[in-house]
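Numbering (my numbering), first residue to last: 63 to 393.
In this text, a Cβ means the ideal position worked out from N, Cα and C, and glycines have one as well.
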């Protein structure tokens, strides 16, 4: 048996989440519904207007949310990331320790600024992100831990890493190491803007193909360069041995390598959609590494995502993960 169920790679970002009206985004010139990379000055400008608003601070980053979910569900996880030796970096590292996730952060951390993601939630529960990557943009092959990667069942990578000139080749290297060691490869497209503006980089990461791909409907259509989901599904089959397409309130489509399955949604009134896709991926990976078939894992992931969209922030508290798994297993 492998030591880890999932070895993850992603940006290490401290999330700062605020509830804002649509008018705020319009006034500040923020593109709604997307993740936009900004410099530190721009992020500070936005924060100055939001300091009086209620906020939640949490360890974040897309892949980190997925890895933490897998760990709190009872999985064994390793996470490769990069934070500095500042207060935000201490906070982030401690969050991973509390979740029981092994990391490369036990090594001496460099000076710099830990990345931060400003998450703005509008009344329709849509999340809009402005991200300053800080030191995380320098993630490279130096942070890879080959022994842990080779002793994992899955390598899971977030598509956001495609934007970094050092992280992208590190992901390609990790994919090659995984394939050579018989470790299954999994990738999340992460955001429509990654597929739209960094397609060539994603194609480099995908290479000849990945074992498992996660995306939402919009990302699938952009990747497939088509207008119908059916055609997008056919295009995804060309590069992914299996895949998940999440569709919000319409549920999800799952291709297990043989058949496409429809997963019904768990209908709830969402408060905050930030982290829903990350939770879906974490629950799904936990399911397929713990005896569930793809349909069962999809149903478990759908239930789990419905829990996180009813909370403010991208993660649940530890007990809620355990309760969600117990609820699914009892159903």
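Review point. Is it buried or exposed for residue 206, if we count other Cβ within 10 angstroms and need 16 for buried?
Key: buried
Check your understanding: Start and end of the beta strand (DSSP E) containing residue 114?
Key -> It is not in any beta strand (DSSP E) - residue 114 carries neither H nor E in the DSSP assignment.
Exercise for review: Would you kindly check if the distance between the Cβ of residue 217 and the Cβ of residue 236 is under 8 Å?
Suggested key: yes
Practice item. Assuming residue 274 and residue 303 form a contact by the criterion Cβ under 8 Å, report the distance between their Cβ atoms to the nearest whole angstrom. Key: 7 Å
Practice item. Out of 144, 134 and 180, state which residue places its alpha-carbon closest to the alpha-carbon of residue 161. Key: 134
Review point. Looking at the unbroken beta strand (DSSP E) that takes in residue 84, where does it start and where does it end?
Key: Where residue 84 is concerned, there is no enclosing beta strand (DSSP E), although the alpha helix (DSSP H) it sits in stretches over 84-90.
Review point. Could you check where the alpha helix (DSSP H) with residue 212 kicks off and where it finishes?
Key: 208-212
Review point. Would you call the region 358-370 and the region 325-345 touching, i.e. three or more CB-CB distances under 8 Å?
Key: yes
Review point. Thinking just about the alpha-carbon of each residue, which of 121, 79, 366 and 232 is nearest to the one in residue 184?
Key: 79
Review point. When we look at the beta-carbon of residue 390 and count the other beta-carbons within 10 Å, is it buried (16 or more) or exposed?
Key: Answer is buried; the Cβ neighbour count reaches 16.
**Study point:** Selected residue, minimal CA-CA separation from residue 131, among 353, 350, 385 and 341
**Key:** 341
Exercise for review: Please look up how many angstroms separate the CB atoms of residue 222 and residue 124, rounded, as I've assumed it's under 8 Å.
Suggested key: Contact between residue 222 and residue 124 holds, with the beta-carbon distance rounding to 6 Å and staying under 8 Å.
Exercise for review: Could you check which residue in 346, 353, 292 and 190 has the C-alpha nearest to that of residue 95?
Suggested key: 190
Review point. Within this structure, are the beta carbons of residue 211 and residue 168 separated by less than 8 Å?
Key: no
Review point. Assuming residue 214 contacts residue 144 under a Cβ cut-off of 8 Å, what Cβ separation, rounded to an integer in Å, is found between them?
Key: Between residue 144 and residue 214 the Cβ distance is about 19 Å, and since that is not below 8 Å, they are no contact.
Review point. Mind pulling the beta strand (DSSP E) runs of 3 or more residues that sit fully within the region 204-256?
Key: Within the region 204-256, the complete beta strand (DSSP E) runs of at least 3 residues fall at 214-220 and 246-250.
Point to revise | Selection from 280, 279 and 180 that minimises the alpha carbon distance to residue 106 | key: 180
**Study point:** Bridge-paired residues (DSSP) for residue 77
**Key:** Answer is 120 and 179, bridged to residue 77.
Practice item. Could you check which residue in 266, 335 and 288 has the C-alpha nearest to that of residue 301? Key: 266
**Study point:** Cβ-based neighbour list, residue 263, same chain, cut-off 6 Å, excluding 5 preceding and 5 following
**Key:** 224 and 230
Point to revise | Unbroken beta strand (DSSP E) run spanning residue 71, endpoints | key: Where residue 71 is concerned, the enclosing beta strand (DSSP E) starts and stops at 66-71.
Exercise for review: Closer than 6 Å by C-beta to residue 268: which residues in its own chain qualify, once you throw out the five before and the five after it? Chain order, please.
Suggested key: 301
Exercise for review: Might you give, ordered along the chain, the residues of its own chain that have their beta carbon closer than 8 Å to the beta carbon of residue 76, omitting 5 neighbours on each side?
Suggested key: 119, 120, 121, 122, 150, 153, 154, 176, 177, 178 and 179
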